[in-house]
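Throughout the sequence shown, residue numbering follows mature numbering (1 follows the signal peptide of the UniProt record, and there is no 0), covering -28 to -1, 1 to 237 in sequence. Even glycine gets a Cβ: it sits at the ideal position worked out from N, Cα and C. The structure displayed is predicted, hence computed values, not measured ones. Below is one structure; the comments refer to it alone.
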Amino acid sequence: MGIIIKRFRLAALGAAGAAALCPFNAIAADPTRQQDEGWTMTVAPYLWASGIKGESGLFGFPPQELDVSFSDVLQHLKFGFMGVSEARKGRFTVSTDIVYARLNADIGTPHGILASKVDATVSTFMGTALGGYSVYYEDGTNFDFTAGARLWSADNRFEFHGGALDGTSVSDGDTWVDPVIGVKFKANVGNGIYLAGWGLVGGFGVGSKSMWDVMGGAGYQFNEKTSMFVGYRAVHDNYTSDGFMNKVTQQGPMLGFTYKFSMAQ
């Protein structure tokens, strides 16, 4: 079983990489002058091409070193979604980030005694919600304090075919919630170009022992409603419970497209 888990580490890590998060909405920032009247809504699907390094363990087996490229993740990815949204009224914001990924891998086994093949499926969900307040808010520039929570969920399932374990299955995973605090900023530099970024920390032993999330980049406003954003993001999480371990750092470039609209009064 230890050999099976080791060979499956790529798929399990790919799910963790896909599940990490774009929390808020520097991607969805609008470099035009902010308005204090009414609510505005911004939605932004995005891609985070992250590689992963760290340690991961399942079923109480000793944790194993991980070093997975984004191309390795894509090889096993079957379905994924990443998207953020932000509602703003003047200095106040409510932001969400939802990431879901499902990966599959067929794993061969030595000698085929226990099984001739193992179907491995990993499903990972991460949802984050933050409330924010702009302590500086003027001329297309804002600096916000944020607080909220991040929900993580990982399910790793193995189905055995052939051999002594034919028709059986096992699974391991967990669900946990991290409190999150941090800051984000956006600065209009002119000609439709803006800079944006964030820094978040969380866990504090409530869910994860520790986690952090930092991002920085630049965007371009095509018109009043649409823009694109490119940046670089790194996320670290350190969580262990009942033989399940996720101690990894995910980092890589990201690309997002945004659409902004006014909400009904």
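In chain order, 61, 234, 235, 237 place their CB closer than 8 Å to the CB of residue 10, counting only its own chain and leaving out the 5 sequence neighbours on each side. Here residue 186 carries a strand assignment [DSSP, helix/strand/coil].
Taking one beta carbon from each stretch, the stretch 153 to 173 and the stretch 107 to 116 have 3 or more pairs nearer than 8 Å; the two touch.
Rounded to the nearest angstrom, the gap between the Cα atoms of residue 175 and residue 208 is 11 Å. The DSSP-derived three-state label of residue 116 is strand. Taking the C-beta atoms as reference points, residue 26 is found nearer than 7 Å to residue 219. For residue 46, no beta strand (DSSP E) segment is defined; the enclosing uninterrupted segment is the alpha helix (DSSP H) at 42 to 48.
Between residue 195 and the set 165, 188, 111, 33, the nearest pair of CA atoms involves 165. Here DSSP, grouped into helix, strand and coil, assigns residue 214 to coil. For residue 143, the enclosing beta strand (DSSP E) stretches over residues 141 to 162.
Residue burial is scored here from C-beta neighbours: residue 132 has at least 16 other C-beta atoms within 10 angstroms and is therefore classed as buried. Assigned with DSSP and collapsed to three states, residue 17 falls in strand. Residue 171 is positioned such that its CB atom lies closer than 7 Å to that of residue 186.
When the five nearest sequence neighbours on each side are left out, the beta carbons in the same chain lying within less than 6 Å of the beta carbon of residue 72 are those of 53, 97, in order along the chain. In this structure, the CA atom of residue 74 is about 6 Å from the CA atom of residue 50.
Across the structure, residue 58 and residue 105 are spaced so that their CA atoms are roughly 13 Å apart. A distance below 6 Å between beta-carbons, with the five flanking residues on each side excluded, links residue 126 to the following residues of its chain, in chain order: 96, 145.
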